[in-house]
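Enquirer: Going line by line, the protein sequences match chains D and B.
Per my numbering: the first sequence = residues 611 to 774.
Per my numbering: the second sequence = residues 611 to 774.
Protein chains: 2
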Amino acid sequence: MYKKIILGIDPGFQISGYSILRIENQKSFVIDFGYLKMKSTDHLSKRVGQFYFFFNEKIKEFKVTNLALETPFLGKNIQTFLKLGYLRGSLYLLSDKYKLKIHEFSPREVKIAVTGFGGASKDQVALMVLSMFPKLQKLPKIEKNDVTDALAIGICGAWKCRIG
Amino acid sequence: MYKKIILGIDPGFQISGYSILRIENQKSFVIDFGYLKMKSTDHLSKRVGQFYFFFNEKIKEFKVTNLALETPFLGKNIQTFLKLGYLRGSLYLLSDKYKLKIHEFSPREVKIAVTGFGGASKDQVALMVLSMFPKLQKLPKIEKNDVTDALAIGICGAWKCRIG
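#1: Give a yes or no on whether the minimum CB-CB distance between B/P682 and chain D is below 8 Å.
#2: Go ahead and label B/F639 buried or exposed: buried means 16 or more other beta carbons lie within 10 angstroms of its beta carbon, across all protein chains shown.
#3: Would D/F674 pass as an interface residue toward chain B - the criterion being a Cβ-Cβ separation below 8 Å?
#4: In or out: B/G685 buried (at least 16 other Cβ within 10 Å) or exposed?
#5: Do you know how far the Cα of D/L761 is from the Cα of D/G729?
#6: To the nearest angstrom, how far is the alpha carbon of B/L746 from that of B/D642?
#7: Using only the alpha-carbon positions, how far apart do B/Y645 and B/I625 sit?
#8: Per DSSP, what kind of secondary structure is B/F715 in: helix, strand or coil?
#9: Following the continuous beta strand (DSSP E) through B/Y628, name the residue where it begins and the one where it ends.
#10: Assess contact between the stretch 749 to 756 of chain D and the stretch 654 to 664 of chain D, defined as three or more Cβ pairs (one per stretch) separated by less than 8 Å. Is contact present?
#11: For B/T651, count neighbouring Cβ atoms within 10 angstroms of its own Cβ and tell me buried if that reaches 16, exposed if not.
#12: For a contact meaning CB atoms closer than 7 Å, what does B/T658 contact in chain D?
#13: Can you pull the chain D neighbours of B/K693, defined as C-beta to C-beta under 8 Å?
#14: Counting only Cβ pairs nearer than 7 Å, list the residues of chain B close to D/Y662.
#15: With DSSP as the reference, please indicate the residues paired to B/V554 in a beta bridge.
#16: Comparing alpha-carbon positions, which option in B/L631, B/G627, B/I619 lies nearest B/K613?
#17: Give the residues of chain D in contact with B/S655, contact being defined as C-beta atoms less than 7 Å apart.
#18: Tell me, which residues are paired with B/N755 by DSSP?
#19: Go to B/N687, then tell me how far its alpha helix (DSSP H) extends in each direction, as first and last residue.
#20: Please work out which residues of its chain come closer than 8 Å, Cβ to Cβ, to B/R698, disregarding the five sequence neighbours upstream and downstream, and give them in chain order.
#21: Report back the beta-carbon spacing between D/L703 and B/S700 to the nearest angstrom; my notes put them in contact at under 8 Å.
#22: Consider the Cβ of D/I669: report whether some Cβ of chain B lies at a distance smaller than 8 Å.
#23: What number of angstroms, rounded off, separates the C-alpha of D/G764 from the C-alpha of D/G618?
#24: Assuming B/F672 and B/I615 form a contact by the criterion Cβ under 8 Å, report the distance between their Cβ atoms to the nearest whole angstrom.
#25: Suppose the cutoff is 8 Å on Cβ atoms and the five residues either side in sequence are ignored; what does the same chain contact list for B/P717 look like?
#26: Hey, could you find the ends of the beta strand (DSSP E) D/L617 is sitting in?
#27: Which residue's Cα is closest to the Cα of D/R772: D/K754, D/Q636, D/S629, D/L692?
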């Protein structure tokens with residue numbers, strides 16, 4: 611039997627959205643989703659530690675086998691970009707610890723997987739994900755965006771694993 | 611008695627130089643230095659794991675209390691800059707695990723600490739460090755540069771800790 615557990619993550623120093631999907635016999639099921647919120651007043655090293663610990667527990671709990679991430683792009687802030695690397699580094703460390711396979715997708719690939727269209731707007735992606743998971747509507751707006759992003763990344767990962 | 615153990619690191623995916631200094635009664639002693647060499651053919655997550663494990667052992671062995679790093683700058687290659695963040699993230703994680711204090715220095719601060727002059731060239735810094743630690747001459751050229759950089763960073767850390 612072909613079975614995979616995919617963890618999709620949209621990392622951030624304030625809010626990190628995540629989704630966990632199970633693939634079984636060519637079908638995908640979302641088994642968990644949510645977010646980790648960290649205090650911007652906490653020292654960076656403490657937050658990197660919290661992030662690592664949080665996903666270490668998720669990986670153990672759900673017996674994750676694959677990790678799905680979006681390729682980062684350099685925005686206006688170089689420091690933010692570098693620090694995002696700290697969180698990604700923690701995920702690479704976890705992938706080494708638990709022998710997870712890492713899949714990285716461009717924003718375009720994620721959009722195609724969710725909406726079928728690479729030029730879809732961020733709002734269109736969110737709408738599509740929300741229509742699939744109505745429970746998400748209950749989340750506060752800021753957290754909701756991070757969770758829908760993480761679900762889109764997870765869905766993209768599941769899609770690639772099914773056809774791969 | 612005032613005692614600190616400083617680990618200075620110049621991280622890299624091929625060669626990471628390091629230095630370990632002990633400060634006791636306002637005096638600094640270099641107690642270890644060297645480098646970690648990783649295979650460029652190994653997967654990134656494996657190398658992040660090796661890097662974390664290597665410095666985890668050094669921190670335990672020498673009972674390190676402080677970490678000294680150089681502020682990274684964005685060079686020509688954005689991917690290299692991002693990946694450097696993966697290694698720095700591992701060090702932030704270790705600093706959280708062992709409650710180490712992190713000190714970050716600009717290249718200018720490191721140069722001043724070693725040569726007394728912020729406009730010193732890379733070669734001048736290396737020459738100064740080599741004159742302090744003649745044993746370094748035995749190292750192969752590439753590794754030597756990474757180790758002298760790590761020693762300069764460690765010396766800067768010791769200098770700041772002594773006066774701090």
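Using N, Cα and C, we set each Cβ at its ideal position, and we do this for glycine too.
Expert: For this structure:
#1: yes
#2: exposed
#3: According to the sequence provided, residue 674 of chain D is Val. The question's Phe does not apply to it. Not closer than 8 Å to any Cβ of chain B, the Cβ of D/V674 fails to qualify, so no.
#4: exposed
#5: 18 Å
#6: 11 Å
#7: 7 Å
#8: strand
#9: 625 to 634
#10: no
#11: exposed
#12: The sequence given here places Val at residue 658 of chain B; Thr does not occur at that position. The contacting residues are G699, Y702, L703, D706.
#13: G695
#14: L703
#15: Because chain B spans 611 through 774 in this model, residue 554 of chain B falls outside it and cannot be assessed.
#16: B/L631
#17: Y702, S705, D706, I712
#18: Note: B/N755 sits in no beta bridge, so no partner.
#19: It is not in any alpha helix (DSSP H) - B/N687 carries neither H nor E in the DSSP assignment.
#20: P621, L679, P682
#21: 6 Å
#22: no
#23: 4 Å
#24: 6 Å
#25: E680, T681, F683
#26: 613 to 620
#27: D/Q636
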